[in-house]
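To start, the structure itself, in structure tokens.
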């Protein structure tokens, strides 16, 4: 089955899925023929085609903890930038430079389209950690 076109707005046939215990939105179920694909709040597929229950279970197993993780924003002209998610909606994704928990650090915010571009990715081993200021 060919990959679906990247939506620029929330498709009307996607069905929101909420966590049963607190009704927190976890993502969507996207139709794929007779099956369903689990889609994250970033608008990215989390699974291939599955039956309804398995797609729901994929969203519930993934949860929301990934939203608190460090992410990297790839840039054409520089090293990847260490960022945190600030806001994720079907209108846009907002990230800001990681402040390492300090309340008095200047941060830079970036508004990205939704679904999140591939330039926004989870941190990998070998990525700059933001703590090395001078190399000796």
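Numbering (UniProt numbering), first residue to last: 1 to 136.
From the three backbone atoms N, C-alpha and C, an ideal C-beta is built for every residue, glycine too.
All of these numbers come straight from a predicted model, not from anything done at the bench.
- Looking at the DSSP output, residue 44 shares a beta bridge with no other residue.
- Per DSSP, the unbroken beta strand (DSSP E) holding residue 97 starts and ends at 93-97.
- The beta carbon of residue 75 sits closer than 7 Å to those of 81, all from its chain and outside the five residues before and after it, given in chain order.
- Here residue 56 is buried. Its C-beta has 16 or more other C-beta atoms within 10 Å.
- Each residue's CA atom was taken as its position, placing residue 34 and residue 77 some 44 Å apart.
- Residue 101 and residue 89 have their C-alpha atoms some 23 Å from each other.
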